[in-house]
Amino acid sequence: MGRRILVALVVVAGLLVPNAAVAQPATGGAAKLRVAVPQQIDSLNPFLGYSLASTDLFRLIYPTLTTYSPQDFSVTPELAESWETSPDKLTWTFHIRPGVQWTDGRPVTARDAAYTYDRMMHDPAAATANGNFVENFESVAAPDESTLVIRTKTPQATMLAIDAPIVPEHVWSQVEDVAGFANDRMPVVGSGPFELTEYEPEQYATLRANPRFWRGPAKISELQFVQFKNTDASVQALRKGEVDVAQKLTPAQFDALAGEPDVAQVQGQGRRFFEMLINPGAANSAGAPIGTGHPALRDVRVRRAIDQAIDKQALVDRVLTGYGQVGGGYLPPIFDDYHWAPQQPRRFDPAAANAQLDEAGYRRGPDGIRRTPQGEPLNLGFMLHASTSADAQVGEFVKRWLADVGIAVELEPVSDNQVNDRTTAGDFDLAISGWSANPDPDYVLRLQTCGSRPSPEGGGTPDSFLCDQVYDDLYARQLGEFDPAKRIDLVKRAQQRFYDQATASVLYYQNSLEAHRSDRYSGFTTQPAAEGVITGQQGYWGYYGAQPTPAAMNSQDTDYGTAALVLVGVVVVAGAVIVLVVRRRRATVDERE
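Heads up: the sequence shown is residues -23 to -1, 1 to 570, going by mature numbering (1 follows the signal peptide of the UniProt record, and there is no 0).
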């Protein structure tokens, strides 16, 4: 893979900003769709990567047995064209679509799927990102190239929602060490609508349309994800025509694009929840304490008081300027069947929070800061994504509100990789986090189980380090429940238990705000069809459906593979509110899947 050093500096209003890239002509008659990505791809290895940027990429490259309809998130066939299950719901037989090929020309067969799942079952590293899908598998086999048979230990209601990428056995069977494999040999072998052909970490990823894709080739010839350090820079690039799609816009940026020539705005309900983790005393899977969480946070009364001291409606009004909903349950409102809201929420009430802390024995000292019964001050660190303006604003509000109840907060802006590493290690008091929920709620629900905690050797995908037997029992029961109404009830009861334990505070559900160049592309498929968006989908529909205009077909596109570019700094966008928070480390945006 060729390495290119991207260097260009432009000083605008005394600030370093991304430079206009050096334009390179597109291939004659070809159309390259350029998407601004304000986040890191944590890995190209589909067994390891779990950031939203990585999982979005995997859905374009690798097949899954089923996918979700762009109309309404309902399950629809993908690599498996049909399936049936035994009466006891323990044996599932999937019939693999004939004629599907890997991008190197080899056929995709049931043996590839069996190999993928078997490796996840028996290689701990291969289970890093998606191991929850196979934890309950008893066996997996491919009696022939078109038949996949999976037997589970107990009935598993998520068998049509296995979102793990399927890899080619003939490639990955040569990989001895999954944990150490970067998967960066280009082109990457897949079978999705696009093939990854070029990648520069923290800079760009370029994909070309797969002519062998079983649904037919995409209407665009290339798709390029260009990483920017912040969404201010990506909006500026959109305005200048250097990128075609900008995603994850702030409300101020979105409003500033209203009426912009040749720019179309897209707004819909998001499938992410934005939360503040409250470390309850992190431990590994053996129960041994890990991390640096403040001991006061082990007291559920303190955690509930912290949640009650936060004005979530003010965050929606002032940080989101109304583009979102107040948080409560663990699953966002876009999935209305499973969304839960507390009947008796802990509403913003500083007086009640103060009283609860007093009653629990955390008295104020002479400096106004509360002390634990052991005399330790309630000084808490609050870890944030450094370059995300929303994190910065939330941090300042939370710091002020908790000061009002006698808790001192120090804001800690760090990089996205540090957020991932430190949260997994339990190295935090408070931390901003968030996940994209799937139409099937199992994946994110599992993040709160004891089984999601890291092993003594590391790994794991914990969220808040909740480890609670009542929650685990509800989680296990919903996993085995095939009656939709009964499963919905169990999922909501699990969310109630999570809320009661207050190991995290779901602050809000932000609307998904994005924009694209209407002079260059149209026909984007949104998901869901009503109030849906282009990016961050459960599938590949948004980019696969893009239709280039004559202007896109004949233009000289900016090629970030050879461009001179600086991906640092801040661009002042008209109407944008920017809160600069750079204290200790430079950072990037991370949004975990």
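All C-beta atoms in this analysis are idealised placements derived from N, C-alpha and C, irrespective of residue type, glycine included.
Limits of the unbroken beta strand (DSSP E) element including residue i
i, result
"N356", "N356 to H362"
"E177", "F171 to E177"
"L388", "A385 to V391"
"Y315", "Run containing Y315: none; DSSP gives neither H nor E here."
"S489", "S489 to R494"
"V52", "V52 to P54"
Proximal residues to residue i (C-beta, below 6 Å), its chain only, five neighbours per side dropped
i, result
"V293", "G301, V303 and Y485"
"T70", "E61 and V126"
"E387", "G358"
"F231", "L490"
"T135", "D417 and D419"
"D33", "none"
"P228", "L297, T298 and Y300"
"S499", "Q524"
Other residues of its chain near residue i: CB distance less than 8 Å, five sequence neighbours each side excluded
i, result
"T53", "T43, T44, Y45 and S46"
"M163", "M(-23), L173, T174, E175 and Y176"
"R278", "Q333, L334, E336 and A337"
Exposure label - residue i; buried when at least 16 CB within 10 Å
i, result
"S489", "buried"
"D328", "According to the sequence provided, residue 328 is Ala. The question's Asp does not apply to it. With fewer than 16 Cβ atoms within 10 Å of its Cβ, A328 is classed as exposed."
"H362", "buried"
"S59", "exposed"
"T131", "exposed"
"Q133", "buried"
"V447", "exposed"
"A159", "exposed"
"H316", "buried"
"Q351", "exposed"
"K463", "exposed"
"residue 572", "There is no way to answer for residue 572, as the model of the chain reaches only from -23 to 570."
"A506", "exposed"
"D239", "exposed"
"G509", "buried"
"P439", "buried"
"E55", "buried"
"K217", "exposed"
"S441", "buried"
"H271", "buried"
"T269", "exposed"
"Q487", "buried"
Residues bridged to residue i [DSSP beta-bridge criterion]
i, result
"E122", "DSSP output for E122 lists no bridge partner at all."
"S432", "G435"
"P47", "Answer is none; P47 lacks a bridge partner."
"R347", "R341"
"A182", "Y176 and F202"
"Q78", "P84"
"H72", "S59 and T124"
"H271", "Its beta-bridge partners do not exist; DSSP assigns none."
"S413", "R249"
"P266", "A260"
"I287", "Its beta-bridge partners do not exist; DSSP assigns none."
"I255", "L407"
"Q504", "V510"
"S499", "Q524"
"A481", "L254"
"Y486", "Q302"
Own chain partners of residue i with C-beta closer than 7 Å, once the 5 adjacent residues on each side are dropped
i, result
"P142", "P23, F35, Y39 and T41"
"H72", "A57, E58, S59, W60, S123 and T124"
"I465", "D314 and Y315"
"A347", "Note that residue 347 is Arg in the sequence shown here, rather than Ala. Correct list, in chain order: L334, Y339, R340, R341, L355, G383 and I384."
"R280", "I255, P257, L274, A479 and T480"
"D326", "Q285"
"Y517", "R36, L37, G169 and P170"
"Q514", "Q504"
"L451", "L467, R470, A471 and R474"
"G6", "The pLDDT assigned to G6 is 47, lower than 50, so where the model puts this residue is not dependable, and the model offers no usable value."
Start and end residues, alpha helix (DSSP H) containing residue i
i, result
"Q464", "The residue asked about is misnamed: residue 464 is Arg in this sequence, not Gln. Unbroken alpha helix (DSSP H) run through R464: P461 to Q478."
"E373", "S366 to D381"
"V12", "First-last for V12: K9 to V14, but that is the beta strand (DSSP E), not the alpha helix (DSSP H)."
"Q446", "Q446 to L456"
"Q302", "Where Q302 is concerned, there is no enclosing alpha helix (DSSP H), although the beta strand (DSSP E) it sits in stretches over G301 to V303."
"T32", "L29 to I38"
"N531", "P527 to N531"
"V421", "D419 to R423"
"D335", "P327 to E336"
"G519", "W518 to Y521"
Contiguous alpha helix (DSSP H) assignments of at least 4 residues, all confined to the segment 88 to 158: Counting whole runs of 4 or more residues, the segment 88 to 158 contains the alpha helix (DSSP H) stretches 146 to 149.
Beta strand (DSSP E) runs contained entirely in the segment 186 to 252, provided each spans 3 or more residues: Taking 3 residues as the minimum length, the beta strand (DSSP E) runs contained wholly in the segment 186 to 252 are 199 to 204 and 240 to 245, in order along the chain.
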